[in-house]
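Participant: The sequence shown begins at 0 in numbering that gives the first Met the number 0 and counts up by one.
For every residue, glycine included, the Cβ atom is placed at its ideal position computed from N, Cα and C.
Have a look at this one before I ask anything.
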Amino acid sequence: MNQDEIRFDFHGLGLAIKQAREERGWTQAYVAELVSKTDRTIMNIENKGQHPSFNLFFKLVTMFDISVDQFFYREEQRDEHSCRKHIMLVSNIIYIAETMKQTYPNIN
Numbered sequence: 000m001n002q003d004e005i006r007f008d009f010h011g012l013g014l015a016i017k018q019a020r021e022e023r024g025w026t027q028a029y030v031a032e033l034v035s036k037t038d039r040t041i042m043n044i045e046n047k048g049q050h051p052s053f054n055l056f057f058k059l060v061t062m063f064d065i066s067v068d069q070f071f072y073r074e075e076q077r078d079e080h081s082c083r084k085h086i087m088l089v090s091n092i093i094y095i096a097e098t099m100k101q102t103y104p105n106i107n
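This is the structure in structure tokens:
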């Protein structure tokens, strides 16, 4: 692993997804159907912190209106240099998402 590479722990995000799902009274199977995945995939994301694809990540956080700031911008990392790096990261993610939408218009 490159020393500049950031390892992202998806456990917190999985718990946020689980909480939002349960607040709506939805089952893992129902969420899986909405995002065209198996309920096993949703279970692994929620309980094991499995890394979802970017497309699935985007669908889930959008569906449940989950702010990812709390996961990307931890308190101890909020210095000016880190904020700039994260802004660039988010800008790149948005660019990639927009490019994917244009390249693959049938992907939900």
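Can you name the start and end residues of the alpha helix (DSSP H) that isoleucine 44 belongs to?
Facilitator: Residues 38 to 47.
Participant: Which same chain residues end up closer than 6 Å to arginine 20 when comparing Cβ atoms and leaving out the 5 residues on each side of it in sequence?
Facilitator: Around arginine 20: Val30.
Participant: Once DSSP output is grouped into helix, strand and coil, what is the label at histidine 10?
Facilitator: Histidine 10: helix per DSSP, three-state reduction.
Participant: Which stretch, first to last residue, makes up the alpha helix (DSSP H) that contains asparagine 54?
Facilitator: Taken as a continuous stretch (DSSP letters only), the alpha helix (DSSP H) holding asparagine 54 covers 53 to 62.
Participant: Exposed or buried, which one is glycine 13 when buried takes at least 16 other CB atoms within 10 Å?
Facilitator: Under this definition glycine 13 is a buried residue.
Participant: Glycine 11: which of Glu22, Thr37 and Val60 sits nearest, CA to CA?
Facilitator: The residue with the shortest Cα to Cα distance from glycine 11 is Val60.
Participant: Under three-state DSSP, which class holds histidine 50?
Facilitator: Reduced to three states, the DSSP call for histidine 50 is coil.
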